[in-house]
Amino acid sequence: MNTRLTALLLVVISVPLLIGASTPSQSSRAPATPKHVKYYNQGVKAQNQKDYEGAVRLYQKALRVKPDYPDALNNMGFSLRSIGKRYMDEAMQAYDKALKLKRNHEGALEYQGELYLWRGELLKANENYQRLRSVNSREAAKLKRHIDQVVGQAKQIR
1 MNTRLTALLL VVISVPLLIG ASTPSQSSRA PATPKHVKYY NQGVKAQNQK DYEGAVRLYQ
61 KALRVKPDYP DALNNMGFSL RSIGKRYMDE AMQAYDKALK LKRNHEGALE YQGELYLWRG
121 ELLKANENYQ RLRSVNSREA AKLKRHIDQV VGQAKQIR
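Heads up: the sequence shown begins at 1 in our numbering, then just goes up one per residue.
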C-alpha cells in the first residue's frame, strides 16, 4: 500500500509540473520589437503615404535611439529628397508665373536657370542664360558661372 501511495503522490505532484512545462515562459516568447525598429516601421508607413515630413520625424526618432541605423538614414535621405523635389516643383511654378507676368524678369530667369541645373536640365538653363544675355543682364554672368561649373564636372565623367 505504501508503494501505491508513493506512486500516486508522485503522479499528483508531477502532473502540475508537466503542465507548467508545456506553457511558454516569459523568456521563451518572441522578444519585443526594439524602439528604433518601431519608429522606423512607422516612418516607412508615413513615407508610403507620401507624408515625407512625418517620415523624417520618425526616422529621426529611430536615429536618436540607434544613431548607427543605416536603413533609417537611407529612408530619411529619400524622404528629405522628396520634400526638396516638391519644393523645387513649387519654386518652378513660381518662376513660371513671374516670367508670364514679366517675360524677361532677370532675377526669375537667373534663379530658374539655377533650378534647371539642379534638376539636370542643362539645355533649359542655357536658354535662360541666352535670354539674360539678349537683354544685357548682369545676371547672365552669374548663371554662366553655374553652367560652366556643371559642364566642367560633366567633363570629368568618363
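Even glycine gets a Cβ: it sits at the ideal position worked out from N, Cα and C. Nothing here was measured: the structure is a model prediction, and the numbers come from that model.
Helix, strand or coil for Ala62, going by three-state DSSP, please let me know.
Residue state for Ala62 is assigned as helix, using DSSP reduced to three classes.
When Leu101, Lys102, Arg86, Ala141 are compared against Gly113, the one with the closest alpha-carbon:
It is Ala141.
Sorted by chain position, which residues of the same chain lie with C-beta nearer than 8 Å to Tyr69's C-beta, five sequence neighbours on each side aside?
The beta carbon of Tyr69 sits closer than 8 Å to the beta carbons of His36, Tyr40, Ala62, Leu63 from its chain, once the five residues preceding and following it are set aside; these are given in chain order.
Please look up how many angstroms separate the CB atoms of Glu90 and Glu110, rounded, as I've assumed it's under 8 Å.
Wrong, their Cβ atoms sit about 18 Å apart, outside the cutoff.
Assuming Ala32 contacts Gly43 (C-beta within less than 8 Å), just tell me the rounded distance between them.
Contact flag wrong, Cβ pair sits at about 19 Å.
Which same chain residues, not among the five before or five after Arg131, have their C-beta less than 7 Å away from its C-beta?
The residues are Asn104, Leu109.
Alpha helix (DSSP H) segment containing Lys85, residue limits:
Counting along the chain, the unbroken alpha helix (DSSP H) around Lys85 starts and ends at 70-101.
By a C-beta neighbour count over all protein chains shown, 10 Å radius and 16 as the cutoff for buried, is Met76 buried or exposed?
Buried, by the Cβ-count rule.
Where does Gln49 fall in DSSP's three states?
Note: Gln49 maps to coil in three-state DSSP.
Between Tyr52 and Ser82, which are expected to be in contact by the criterion C-beta below 8 Å, what is the C-beta distance as a whole number of angstroms?
With 8 Å as the limit, Tyr52 and Ser82 qualify as a contact, their Cβ atoms being about 5 Å apart.
Drop a sphere of 10 angstroms on the beta-carbon of Ile157, count the other beta-carbons inside from all chains shown, and report buried for 16 or more, exposed for fewer.
Of the residues assessed, Ile157 falls on the exposed side of the cut-off, its CB having fewer than 16 other CB atoms within 10 angstroms.
For Ile157, three-class secondary structure by DSSP
Correct three-state label for Ile157: coil.
Which of helix, strand or coil DSSP assigns to His146:
DSSP places His146 in helix when its eight states are reduced to three.
Helix, strand or coil, according to DSSP, for Asn128 in the structure here?
Correct three-state label for Asn128: helix.
Taking all protein chains shown into account, do 16 or more other C-beta atoms lie within 10 angstroms of the C-beta of Ser134, making it buried, or fewer, making it exposed?
So Ser134 ends up on the exposed side.
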